[in-house]
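Residues in the sequence shown are numbered consecutively from 8, following our numbering.
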Amino acid sequence: MTWTEQKLGPVIGSEVTGVNLNNLNATLIDQLRERLAERMVLVIRDQQLDRDAHKAVARLFGTGKLHRHALNKARGGNDEEVYPVRTTGESKMTAGEGWHTDVSCDADPIAASLLYMHQAPAGGGGDTVYSSMVECYERLSKPIKALAEGLTAVHDGAFPYRQIYGIEPEPGQHFNRTIHPVVIRHPLTGKKLLWVNRGFTTRINGLSHVENRHMMELLFQHIESTLTAQCRVRWEERTLVIWDNVATQHHAVWDYFPNSRYAERISVVGPVLAQD
Numbered sequence: 008m009t010w011t012e013q014k015l016g017p018v019i020g021s022e023v024t025g026v027n028l029n030n031l032n033a034t035l036i037d038q039l040r041e042r043l044a045e046r047m048v049l050v051i052r053d054q055q056l057d058r059d060a061h062k063a064v065a066r067l068f069g070t071g072k073l074h075r076h077a078l079n080k081a082r083g084g085n086d087e088e089v090y091p092v093r094t095t096g097e098s099k100m101t102a103g104e105g106w107h108t109d110v111s112c113d114a115d116p117i118a119a120s121l122l123y124m125h126q127a128p129a130g131g132g133g134d135t136v137y138s139s140m141v142e143c144y145e146r147l148s149k150p151i152k153a154l155a156e157g158l159t160a161v162h163d164g165a166f167p168y169r170q171i172y173g174i175e176p177e178p179g180q181h182f183n184r185t186i187h188p189v190v191i192r193h194p195l196t197g198k199k200l201l202w203v204n205r206g207f208t209t210r211i212n213g214l215s216h217v218e219n220r221h222m223m224e225l226l227f228q229h230i231e232s233t234l235t236a237q238c239r240v241r242w243e244e245r246t247l248v249i250w251d252n253v254a255t256q257h258h259a260v261w262d263y264f265p266n267s268r269y270a271e272r273i274s275v276v277g278p279v280l281a282q283d
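Written out as structure tokens, the structure is:
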């Protein structure tokens with residue numbers, strides 16, 4: 008099989024064909040790592056992946072250590088390394104409906120996430136929109152870049168999970184809370200990028216209440232409105248999407264109610280982030 012790639016947009020995202028992820032070899036592994044670093048989102052359709060194969064692909068990225076989500080059991084998971092993403096006609100909310108970076112509250116956040124679609128919504132819908140935080144940083148004005156680069160922010164897992172979803176962690180577990188720089192360098196590419204998101208970032212340190220509220224909203228709205236940094240992925244069953252969780256944010260569109268959507272996400276832990 009021959010690797011073929013079609014860009015989803017000039018800045019971010021590629022759809023790949025001619026790939027069978029059950030047959031990993033050195034050449035394919037190098038291509039996956041190289042193209043993910045460059046394009047940040049890879050869409051690979053028509054894959055027959057069981058959980059072992061799904062995990063094998065995930066271990067190619069980051070540290071190779073698979074992430075264990077604090078809410079796995081609360082979300083109906085039966086494998087600590089596989090996070091279920093299920094929405095039905097009875098659901099009161101859906102995971103990922105809002106711009107966010109997966110679990111940025113961790114000290115060593117997820118390097119890459121891999122979502123495999125088992126059931127796409129009947130009648131379509133359920134797309135995911137991705138945005139490049141490298142591009143969003145580059146499109147800030149020089150004065151705002153200079154300001155942002157000297158700041159740190161709090162990322163608190165209790166904010167979305169307890170206050171928005173109304174879910175508590177399992178006994179013996181807790182919601183992580185970590186301070187990260189607002190601007191970081193990507194651990195692989197060295198490119199500067201924004202590292203705040205509406206899902207987990209609760210405050211910017213050192214600012215007054217009013218300054219904090221306006222500075223966060225400035226950055227959030229900049230991220231959400233910079234359409235040139237975005238691509239949109241249309242889901243089909245047996246599609247695997249791999250995204251660089253450090254370099255991107257994403258938003259799952261819930262436009263298919265009351266139809267159902269079911270996927271499984273496996274994520275791999277990355278290195279501790281450092282300020283430039």
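Ideal Cβ positions, reconstructed from N, Cα and C, are used throughout, including at glycine. Remember, predicted model here, so these are calculated numbers, not experimental data.
Residue(s) in a DSSP beta bridge with residue i
i      : result
Trp250 : Val48, Ser120
Lys149 : Its beta-bridge partners do not exist; DSSP assigns none.
Glu271 : Pro91, Tyr123
Val184 : A quick correction: the sequence has Arg, not Val, at residue 184. According to DSSP, Arg184 bridges with Asp163.
Arg192 : Lys199
Thr21  : This sequence places Ser at residue 21; Thr is not what is there. Ser21 is bridged to Lys14, Leu49.
Leu73  : Val275
Ile1   : What is shown of the chain runs 8 to 283, which leaves residue 1 out entirely.
Val136 : Arg239, His258
His61  : Answer is none; His61 lacks a bridge partner.
Thr208 : His162
Assumed close pair residue i, residue j - CB separation to whole angstroms, cut-off 8 Å
i      : j      : result
Met223 : Thr233 : Contact doesn't hold; Cβ gap of about 16 Å is too wide.
Val279 : Ala114 : 6 Å
Ile249 : Leu121 : 5 Å
Gly277 : Pro91  : About 22 Å; that fails the 8 Å criterion.
Arg205 : His107 : 6 Å
Ile36  : Leu56  : Not quite, the Cβ-Cβ distance comes to about 16 Å (not below 8 Å), so this is no contact.
Val50  : Val240 : 6 Å
Glu243 : Met100 : No, Glu243 and Met100 are not in contact; Cβ-Cβ is about 24 Å, not under 8 Å.
Gln237 : Ser138 : 5 Å
When the options are compared against residue i, the one with the closest alpha-carbon
i      : options                        : result
Lys152 : His187, Ile191, Thr9, Ala165   : Ile191
Asp302 : Arg52, Asp37, Asn266, His76    : One cannot answer for residue 302 here, as it falls past the ends of the chain, which runs 8 to 283.
Leu43  : Leu31, Asp57, Asn30, Glu22     : Glu22
Trp10  : Leu28, Pro17, His257           : Leu28
Gly130 : Arg272, Glu97, Asn266          : Asn266
Thr24  : Leu247, Ala254, Gly16, Val275  : Leu247
Thr95  : Val275, Pro128, Gly213, Thr34  : Pro128
Leu147 : Thr196, Val89, His162, Thr235  : Thr235
Ile19  : Ala33, Val48, Leu39            : Val48
Glu271 : Lys62, Leu154, Val161          : Lys62
Asp251 : Gln54, Gly157, Arg245, Asp109  : Asp109
Asp163 : Met140, Ser139, Thr196, Val203 : Val203
Asp53  : Tyr269, Arg245, Ile273         : Arg245
Ile230 : His216, Leu15, His257          : His257
Glu12  : Asn32, Leu39, Lys199           : Leu39
Ile273 : Gly69, Thr34, Gly16            : Gly69
Cys143 : Leu200, Val89, Val253          : Leu200
Gln126 : Ala65, Thr255, Arg93, His193   : Arg93
Pro1   : Leu214, Glu156, Ala165         : Outside the shown range of the chain, which is 8 to 283, sits residue 1, and nothing can be said about it.
Ala60  : Glu145, Val89, Glu45           : Val89
Ser215 : Gly197, Cys112, Pro194, Leu158 : Leu158
Tyr269 : Gly103, Leu15, Asn30           : Gly103
Glu145 : Glu218, Ala254, Ser98, Leu31   : Ala254
Asn30  : Gly16, Val64, Glu41, Leu15     : Val64
Pro194 : Val217, Cys238, Thr34, Val141  : Val141
Lys14  : Glu45, Ala160, Ser111          : Glu45
Gly213 : Gln237, Ala160, Phe166         : Ala160
Gln228 : Pro17, Val26, Gly105           : Gly105
Neighbour flag for residue i against chain B, beta carbons, 8 Å
i      : result
Asn219 : Any reference to chain B falls outside this structure, which holds one protein chain only.
Alpha helix (DSSP H) runs contained entirely in the region 215 to 239, provided each spans 4 or more residues:
Taking only runs of at least 4 residues, the alpha helix (DSSP H) segments lying wholly in the region 215 to 239 are 216 to 232.
Specify whether the region 262 to 281 and the region 127 to 144 touch according to this definition: at least 3 beta carbon pairs, one from each stretch, less than 8 Å apart.
yes
Determine contact between the region 199 to 213 and the region 182 to 191, defined as no fewer than three beta-carbon pairs at a distance below 8 Å.
yes
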